[in-house]
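2 protein chains.
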Amino acid sequence: MAEAISFLAPRADVLARRREIVADLADLLPPECLIHEPRELMPFETDAFISYRRMPFAVALPRSTAEVAAVMKYCHRYGIPVVPRGAGTSLSGGAIPQEDAVVLGLSKMNRILDIDLANRTATVQAGVTNLHISESVSADGFFYAPDPSSQLACTIGGNVGMNSGGAHCLRYGVTTNNLLGVKLVLTDGTVIDLGGKALDAAGYDLLGLVCGSEGQLGIVTEATVRLIAKPEGARPVLFGFDTSEEAGACVADVIAAGIIPVAIEFMDKPAIEICEAFAHAGYPLDVGALLIIEVEGSEAEMDDMLKSIVEIARAHKVKTVRECQSATEAALIWKGRKSAFGATGRIADYICMDGTVPLSQLSYVLKKTSEIVDHYGLRVANVFHAGDGNMHPLILFNANDPEDAAKAEAAGNDILRLCVDAGGCLTGEHGVGIEKRDLMRHQYAEVDLAQMMSVRAAFDPAWILNPSKVFPLDGRNAG
Amino acid sequence: MAEAISFLAPRADVLARRREIVADLADLLPPECLIHEPRELMPFETDAFISYRRMPFAVALPRSTAEVAAVMKYCHRYGIPVVPRGAGTSLSGGAIPQEDAVVLGLSKMNRILDIDLANRTATVQAGVTNLHISESVSADGFFYAPDPSSQLACTIGGNVGMNSGGAHCLRYGVTTNNLLGVKLVLTDGTVIDLGGKALDAAGYDLLGLVCGSEGQLGIVTEATVRLIAKPEGARPVLFGFDTSEEAGACVADVIAAGIIPVAIEFMDKPAIEICEAFAHAGYPLDVGALLIIEVEGSEAEMDDMLKSIVEIARAHKVKTVRECQSATEAALIWKGRKSAFGATGRIADYICMDGTVPLSQLSYVLKKTSEIVDHYGLRVANVFHAGDGNMHPLILFNANDPEDAAKAEAAGNDILRLCVDAGGCLTGEHGVGIEKRDLMRHQYAEVDLAQMMSVRAAFDPAWILNPSKVFPLDGRNAG
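First to last, the sequence lines map onto chains A and B.
So the first sequence is numbered by the UniProt record's numbering: it starts at 1 and just counts up by one.
So the second sequence is numbered by the UniProt record's numbering: it starts at 1 and just counts up by one.
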């Protein structure tokens, strides 16, 4: 296992007092809401960024905002690190704990509190899964737009923490664009409400600040989100190209023309083969790159938009254009795409990068990515949200070979630097976590990081919330 | 003139050193960029919230980020208050200075720095007017979406400070949804870049935080904004109703059905009469309330959406439905709406409220607003962004009658409290400024305000940036 990324050294005073702390927490939570036996702690030692793991000494699973507040108040008083956790699906290690930490799991807070169709909002507890929101309003013709591939498992609290995206965010925006309010437990246990059902809010946009702050500014216990009416119809269309460069250039031209479909997903040849073998989605196997472009609306609207897109694709020598013929086929096409990470996991270990680039740089960055991975003697599969410029190269390697793992990590870092240098950024939707923490200096000047840390200090001066994440460990006092 | 709102007492040390400060500033700026003669300072003593005025002792008009940084560095060293100013079109008094302040005007920074159509972005200096951005890319088929009624005059820097909206924000979002990056001069003169051309950004969303922070976190000197492709067609349609309540209920039902036109603007009978007399837009005069609903897209799309809207309007006994027949007519319809404030100013003094409510409360709040204004023996005209729930009651009064002015202010405050109590908030797009500052406690608990002030302190611990605004004066040390 690669160990290039370090964690903060555990606080000796906390480690020494572990038993007492557990006993104190047992006064605040019923037995079924507190885990401290090493065997039972094991599921919490890592998340979907499985290259790293640390065993926490306790997991609190509160059932209410009041219980979260009680745990925070206690941990704040004694300077005990707290690592919030939703479903543990973070791809950047955002939920990986540390030895001196209490994991604060929100999984028991899984109730939908209010569905307000008149105002098109849903208010849910943080542990409600992303998909559950859409399922709850589907019969009424609505859905919640951001749709990470992990939407069956990931929770809205984690989505807020990471400002999660998904395939359909090209049109509907990411979490921050669909979030109207949160209930936030501050580090000292104070509870505040940010935002609400009405547009905007007076004063500073703390709601926007909290979204994507990776659990470092407080614990989100409830979220109010925007519901969107389902379109009249939706149709994914497959566009096959000879090369990744042609497909990338086509995406750039579609967006530059001001055409915004619901989704433009990209797969290169390895990704097509991996996903097709798993999902039998009917992807063409004779092309070098595939775009899944979804249009929606009335038949006339879909036809209109498709016509313009096909014209642009032709200028890029599109080889195959295939409209799906049925809802079943459409579902299969999306199943293939959404299971890309799982399907890749069947054939190799992988790390998934999450860089974002301006669309004009897409073809260039694809070409360079391939050169970087070649240089390390590894393989890559690209499957990502092309319309947003949000790239996900999956670097394939053998996790049992430490040398291979180190190479994969080095290649990943090179790719992220490439994205930043091309005018992009380190992360589109997976967050910084521990994975990209040490690359933050490549994106930001010291003054930028200092200002962010100064904001962090305005919420958590003792630095107890998810402490090893986001900021390089050696700059902690810069704020 | 009403004087219900107080300002911070001027700092005696700054007042005593005014001449020296001006002399020092003259070392940093050329003579044409520094104003200090009382006669020349007069245009800067108020903004579009004309009920209050204070004379600053100097106005700096820097031409570059470096000059802004030099002024900030100097003012920071000596604790001199700085009030940033764009075009001075603030309706909440956001740009009103104070006697001990240097006004930092961005009007000379009016260059468009970069138009990048491939990535659909424009980067402009803070003093560029809102409309100038759209004009610069119009020939290429693009526009910048947020469109405050003052868009001919107001600047992008002010738009960022106030998170400005506009009629077409129902579909395209307000400033924060269309802003990709800013260059920000911090209080001590440090320059940082937030955001950029790519989606999202690693670390905290300081860009979102700065948007709407009313010049209190730093001075925005450049902004990168999203450009949007012009629709194939656009068509404003007039819907006349017998009563405001029916029109309000129709808006709520359209949005609840998940139909999002580009704009839904509302005018009550007084507003219709005022605007029609001014612009001769052809508004029907035999109705009690009017909606301007704009649809856009292909002819088929527009027809589809209109059909659904007309059906809902019929259920609310719509009296008139009139589609405009030409581009000239469409332009007139919008001219009438956008000149509403100016046209009202011809017949009376007014203050314009900016509360936002959940749409389900629209009819109720309209009815109550009318009762409140009646109670004070005043008149009101309602003209606002109904689709967003962003209300703009214009309270008419006689500014030469102090009693009348006090009544208008009291009625305004009652209306804003009503909006908050109905689940809404104090401001949709005009900002808190000084106007709503003392009502912030009605919206927020002390802990909420304390957290905002704590964030402010992370940027401006000496509290020199736009100091009399946003937060009640007596809670300044709560953070």
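By construction, the Cβ of each residue, glycine as well, lies at the ideal position given by its N, Cα and C atoms.
Keep in mind that this is a model prediction, so the values were computed, not measured.
Residue i, DSSP secondary structure in three states
| i | result |
| --- | --- |
| B:C250 | helix |
| B:G181 | strand |
| A:N400 | coil |
| B:G127 | coil |
| B:A153 | coil |
| B:D27 | helix |
| B:T190 | coil |
| B:A122 | strand |
| A:C352 | strand |
| B:A2 | With a pLDDT of 46 at B:A2, under the threshold of 50, the modelled position of this residue cannot be trusted; read the value that follows with caution. In this structure, B:A2 counts as coil in the three-state DSSP scheme. |
| A:G479 | With a pLDDT of only 36 at A:G479, under 50, the local geometry of the prediction cannot be trusted, and no value is derived from it. |
| B:E135 | helix |
| A:E323 | strand |
| B:L8 | coil |
| B:I35 | strand |
| A:F471 | coil |
| B:P461 | coil |
| B:G166 | coil |
Closest residue to residue i among the options (Cα-Cα distance)
| i | options | result |
| --- | --- | --- |
| A:L117 | B:L25, B:V287, B:L91, B:P358 | B:P358 |
| B:V380 | B:G389, B:K368, B:G127, B:A386 | B:K368 |
| B:D474 | B:V455, B:R437, B:D448 | B:R437 |
| B:A87 | B:A58, B:V254, B:L206, B:M162 | B:M162 |
| A:A422 | A:W334, A:S360, A:G433 | A:S360 |
| B:A167 | B:I21, B:T187, B:T243, B:P146 | B:P146 |
| A:L106 | A:G342, A:G158, A:I35, A:T328 | A:G158 |
| A:A408 | A:I156, A:M453, A:V470, A:L378 | A:L378 |
| B:V128 | B:R120, B:K108, B:V137 | B:K108 |
| B:I312 | B:P10, B:S64, B:F241 | B:F241 |
| residue 480 of chain B | B:V262, B:V310, B:I434 | Residue 480 of chain B lies beyond the range of chain B shown here (1 to 479); nothing can be said about it. |
| B:F278 | B:I347, B:A257, B:P236 | B:I347 |
| A:K335 | A:P148, A:I260, A:Q98 | A:P148 |
| A:D414 | A:T320, A:A457, A:E40, A:G355 | A:G355 |
| B:E37 | B:A457, B:T46, B:P56 | B:P56 |
| B:A139 | B:V210, B:D100, B:I228 | B:I228 |
| A:K197 | A:L332, A:G189, A:R226 | A:R226 |
| B:L131 | B:Q151, B:D114, B:F142 | B:Q151 |
Supposed contact pair residue j and residue i - C-beta distance, whole angstroms, cut 8 Å
| i | j | result |
| --- | --- | --- |
| B:E265 | B:R322 | So it is not a contact: roughly 14 Å between Cβ atoms. |
| A:I133 | A:L184 | That belief does not hold up - the Cβ atoms of A:I133 and A:L184 are roughly 19 Å apart, past 8 Å. |
| B:L465 | B:Q216 | 5 Å |
| B:L394 | B:T344 | 5 Å |
| B:V182 | B:G195 | 7 Å |
| A:I292 | A:L238 | 6 Å |
| B:E45 | B:R54 | 6 Å |
| B:T320 | B:P284 | 5 Å |
| B:E245 | B:L366 | 7 Å |
Cross-chain neighbours of residue i in chain A, by beta carbon under 8 Å
| i | result |
| --- | --- |
| B:I228 | G258 |
| B:C154 | By Cβ distance, chain A contributes nothing, its closest Cβ being about 17 Å from B:C154, past 8 Å. |
Beta-carbon neighbours of residue i, restricted to chain B and to distances below 8 Å
| i | result |
| --- | --- |
| A:G389 | A198, L199 |
| A:E245 | Going along chain B, no residue has its Cβ under 8 Å from A:E245, so there is no contact; the nearest lies around 15 Å. |
| A:A300 | S298, A300, E301, D304 |
| A:S423 | Sequence check: residue 423 of chain A is Gly here, not Ser. Here the neighbours are G196, K197, A198. |
| A:S6 | Per Cβ cutoff of 8 Å: no residues; A:S6 is ~19 Å from chain B at best. |
| A:M353 | Those do not exist, as A:M353 stays about 13 Å from chain B at its closest Cβ, beyond 8 Å. |
Check: residue i C-beta below 7 Å from any heavy atom of the ligand SAM
| i | result |
| --- | --- |
| B:A66 | This structure does not include the ligand SAM; it has no bound ligands of any sort. |
Contact list for residue i against chain A, beta-carbon separation under 9 Å
| i | result |
| --- | --- |
| B:D448 | I192, D193, L194, G203, L206 |
| B:L426 | A201, A202, G203 |
| B:Q325 | Ordered by position in chain A, no residue passes the 9 Å Cβ test against B:Q325, which lies about 22 Å from the chain. |
Chain-ordered chain B contacts of residue i [CB-CB under 7 Å]
| i | result |
| --- | --- |
| A:P358 | N119, K197, A198 |
| A:C211 | D205 |
Amino acids of chain A, ordered along the chain, whose beta-carbon sits closer than 7 Å to that of residue i
| i | result |
| --- | --- |
| B:F57 | Chain A residues near B:F57: none, gap ~28 Å exceeds 7 Å. |
(message) Ignoring anything shorter than 4 residues, give me the alpha helix (DSSP H) runs that lie fully in the stretch 40-116 of chain B, in order along the chain.
(response) 65-78
(message) As an exercise, report each continuous alpha helix (DSSP H) stretch of at least 4 residues that is fully enclosed by the stretch 358-439 of chain B, in chain order.
(response) 362-375, 402-421
(request) Tell me the start and end of each unbroken beta strand (DSSP E) in the stretch 247-321 of chain B that is at least 3 residues and wholly inside, in chain order. (result) 263-268, 289-296
(message) My parser needs the beta strand (DSSP E) runs of 3 or more residues fully inside the stretch 192-248 of chain A; what are they?
(response) 219-226, 234-241
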